[in-house]
Each structure stands twice: as structure tokens, then as C-alpha cells.
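Asker: One structure follows; several queries about it will come next.
Numbering (the UniProt record's numbering), first residue to last: 1 to 496.
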């Protein structure tokens, strides 16, 4: 067997690191409002509903971009799309940092959201590409991508809180503009030199049409040619023979959507994804730090530390749950067991934190367990495995990912609206400008989170009983199922 070091070029590792840094920045901006809540309320004089709307302005364009990113990646490639998107994110960060009114701040958040929308799909595309797949590193590299997101979320907690206290939120946001600008420049240079993402020993500019195939992987003919080749030079020779072959055209946007939407399992998985993502995107990304400050009477660094426990659980849970799925046999069947338990465990862990006044160590522990049960990566991988028609898989993943983003986009302002309504005239404004809500207002507003766990549990029951087993059998036959994060072979059952 060829070792990974012989398979994966430095340029492929560089592409992964660059797009993973983009994902780090994506989660930094997603979680930053939780630490900036007091500064934003003071600067723009907003109530809870307006603060939720400002924070969720990140999610709406992010949501919309999910419906076209799959096609853009197929049409233009990872390099061009990530380069353009991170340039937009850098512009949005600059606009947000310099904004003097709420409207301009919302515009900046919208630009940030639309720019970073390509980060996660870029991570998955690079990790599932030919270089890492042939080296047997796809699962490991995808899990490492989740850890990059965790790093961004953790930076947005206690470190960001301390930096804002020292320098103010505007200078900190101005400095954060450097990250997307550097990533955009890196992919611009990569596109200029024609490196071509995830290509080994071949001229990407010459063979891009053959390599950019359905579902972000290789063309079927290229798969057949590369099977059994042990060196990059062999792969290059194989591709030379493919040069005269007309590459398979990618599906149209409508064909991809029809292939995804006709699957009966898509709707239950969409609802499951909405529910399981809500605690991370609606609570930990905005309202968790103010909740622990007001209800548990913690200072901001301690409150951010408790929230960080949730984020650490989420980051560790990505690769850990993937390992568990593989130990259970991999494929849809292994993922189903994990998806069945996660909303139950998450609900049991998070509900006492919301309803009871626990010791800080107990609240942090339960938050970590709830974060561990946020099986977002597992849901996306499961979606990719159970959609039968290959041309609909990437689009189905984008739809499920959009449903998860919708959880943050809709519930962040909804929670703020309930907070304002329940608190009424009992909102206390501190000299710093931060608004303090009574504990009962938080508990009423955050009861939507246990409800989301119930939604995920019921949706999974539908997917399991009505669609799950049948779709898995139709997709993979009665033989062994492929590893969870392996790319399904175009055309049906076979080697992952």
C-alpha cells in the first residue's frame, strides 16, 4: 500500500489548510456575536429582537448560497469559488467593523455570511477529493476540518471577550479582516499557477473537465483508469490516455434538484438537521453567554468558558462520532444508531442547564455533553449516502445544510423577540449599555431548544421506519456498506 506521504502533494495539503482557515473564520464570525452582545447593544442601542436580527443577518445569505454552491463548485472549481467568496467575506468584515448605523452593520453581516458560505463545502470537497481519497485520508482530513471550525468558535469566546475589553470590538473586527483576505490571496495565486484542487501529477488546467465530475469527485472514466495505479506518474499516464475522451457534462441545476427532491428520505433528514443544529447555531452562537451572565450570575469570561465547553464537545464529537459510526459497520446503518441517540442525549443534557440553577462545573459538563451530541457532520454524511441518484447527492447535502443554517437564522431573532415580550418592563440596562433579562424570560424563550430535540427524534423515527432501511438497501445492496465519509461511487453499489 502506498503511504499517504507518497500520495498527497504539498499543494493539496496547502489547499486543505487554506480552506480550513476559511472555515475557522466562518465559525469565528458565527459565534462572535455571543461575546460582542453587550458591545453591539451599547453601540447600536438595540433590544433583544434587534440584536437577534443583526446576528442572524449572517445566516440568511449563507442559507441562500447553499442552493447554488454545489453547482458553482462543479462549474468553476474550488479555487475560484473560495477565492471570490473570501474576498466578499473580507469586504463584509471591513464594512461591519466601520459601520455607524444598524443598517450598515446588517449589510456587513450579510456580506460576511455570503462570503464564508463556501468554506465548509470547500473543506469537504478538498478532503473527499482524489488525492486524500486514494491515500485513505478522507475521513481523517474531514474530521480535522471540524476541529478547525472548533478553533474559530473557541477564539470567538474568551479570547475575543478579552480582546474586546482591551481594544474595543471595532479594532478587533478590523484585525479579523486579515484572515479572509489572506485565504482569498492564497487561492488566487493557486488559481493563477493552475494547481487545480486535489489533482495528483496531472495538469489541472488541461484535464479540469475530466476531473470535475458529479458530486465533487472524479469522473467515472477517470476512476476506472486510476484504479490500480500506484504512483502519481502512473496516474498522469492514465489521464494522458483520457485526454481524447469527452468528459461527462455536469448535471443542470434543475436536474440536480429534481434528483434530490424526489427522494422520500430528504424531508425527514431536513427536519432532523434543523432540530439538531438549533442548540449550536441559535443558542451557543448568540444567547448562551448572556444567559449564563444573567441567570447564573457569572462574569463574562466565566460565562464564555462555560459556552466553550459546548463548543469543545461539538468539535471533539465530529471525529469521535465518525469513529463510532465506522466501528458500528459504517455507512447509513452505522450512522442511524448515532443519529438516534444524539437528540435524546442532547435533550437530557441541555434541559437541566436551562431550567435549573446548577453549579458552574455541572453546567459546563452538561454543556459539553450537549455539544458532543450535535452530530452535524454525521447528518451531512448520512444524507450523502442515502440519496440514491448520484447527481442529487451534493444538492441534497446543500439542502440539509441550509436547513441547519435556517435554525440559526430563524431562532436567533425569535428567541430575542420572546425575551422582549416576556420581560416587558423588567429589562434592566447596565451602565455599559448591556440589557439584563430576568431568568424566567430566558427560560420561556429557550424552551424552543428542547422542542428542537423532540423534532429531531420524531423526524429520525420517520426516516428510520418509513425510508431508512429501504433506501440503504437500494443504495448499497445487501453487502457491506462503505465507511461513513467515503464518497459513494457514481452508479450505485461498489467500492467506496
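From the three backbone atoms N, C-alpha and C, an ideal C-beta is built for every residue, glycine too.
Smallest Cα separation from residue 16: which of 55, 419 and 127?
Answerer: 127
Asker: Let me confirm a value: residue 357 is counted as buried when at least 16 other C-beta atoms fall within 10 Å, else exposed. Which label applies?
Answerer: That one is exposed.
Asker: Grab me the residues of residue 259's own chain with a C-beta within less than 6 Å of its C-beta, minus the 5 sequence neighbours each way, in chain order.
Answerer: 389, 391 and 392
Asker: Between residue 59 and residue 282, what straight-line distance do the alpha-carbon atoms span, to the nearest angstrom?
Answerer: 11 Å
Asker: Would residue 284 pass as a contact of residue 267 if the rule is Cβ separation under 8 Å?
Answerer: no
Asker: Rounded to a whole number of angstroms, what is the C-alpha to C-alpha distance between residue 459 and residue 145?
Answerer: 27 Å
Asker: Express the C-alpha separation of residue 255 and residue 38 in angstroms, rounding to a whole number.
Answerer: 47 Å
Asker: Would you give the residue range spanned by the alpha helix (DSSP H) that residue 331 belongs to?
Answerer: Run containing residue 331: 331 to 355, per the alpha helix (DSSP H) assignment.
Asker: With 16 other CB atoms within 10 Å as the buried threshold, where does residue 287 fall?
Answerer: buried
Asker: What are the start and end residues of the alpha helix (DSSP H) that includes residue 252?
Answerer: Careful: residue 252 lies outside any alpha helix (DSSP H) and carries neither H nor E.
Asker: Hey, quick one: how far does the alpha helix (DSSP H) through residue 62 stretch, first residue to last?
Answerer: 59 to 98
Asker: Closest by CA to residue 42, which one among 82, 454, 101 and 379?
Answerer: For residue 42, the nearest C-alpha among the options comes from 101.
Asker: If you drop the 5 nearest sequence neighbours on each side, which residues of the same chain put their C-beta closer than 8 Å to that of residue 115?
Answerer: 85, 86, 87, 88, 89, 90, 91, 92 and 180
Asker: Assign residue 46 to one of three DSSP states: helix, strand, or coil.
Answerer: coil
Asker: Is residue 117 closer than 8 Å to residue 66 when the C-beta atoms are compared?
Answerer: yes
Asker: Using a Cβ-Cβ cutoff of less than 8 Å, which residues in the same chain neighbour residue 363 once the five nearest sequence positions on both sides are dropped?
Answerer: 292, 296, 306 and 353
Asker: List, from N- to C-terminal side, the beta strand (DSSP E) runs of 3 residues or more that fit wholly inside the segment 106 to 175.
Answerer: none
Asker: Roughly how far, in whole angstroms, is the beta-carbon of residue 383 from the beta-carbon of residue 369, given that I think they are within contact range, below 8 Å?
Answerer: Not quite, the Cβ-Cβ distance comes to about 25 Å (not below 8 Å), so this is no contact.
Asker: With distances taken from CA atoms, which of 265, 365, 324 and 8 is nearest residue 134?
Answerer: 8
Asker: Distance, Cα to Cα, residue 99 vs residue 408?
Answerer: 23 Å
Asker: Using CA coordinates, which residue listed in 451, 97, 164 and 317 is at the minimum distance from residue 147?
Answerer: For the set 451, 97, 164 and 317, the Cα lying nearest the Cα of residue 147 is the one of 317.
Asker: Who are the near neighbours of residue 183 in its chain, counting only those whose CB is closer than 6 Å to its CB and skipping five residues on each side?
Answerer: 18, 21, 22 and 86
Asker: By a C-beta neighbour count over all protein chains shown, 10 Å radius and 16 as the cutoff for buried, is residue 465 buried or exposed?
Answerer: Exposed.
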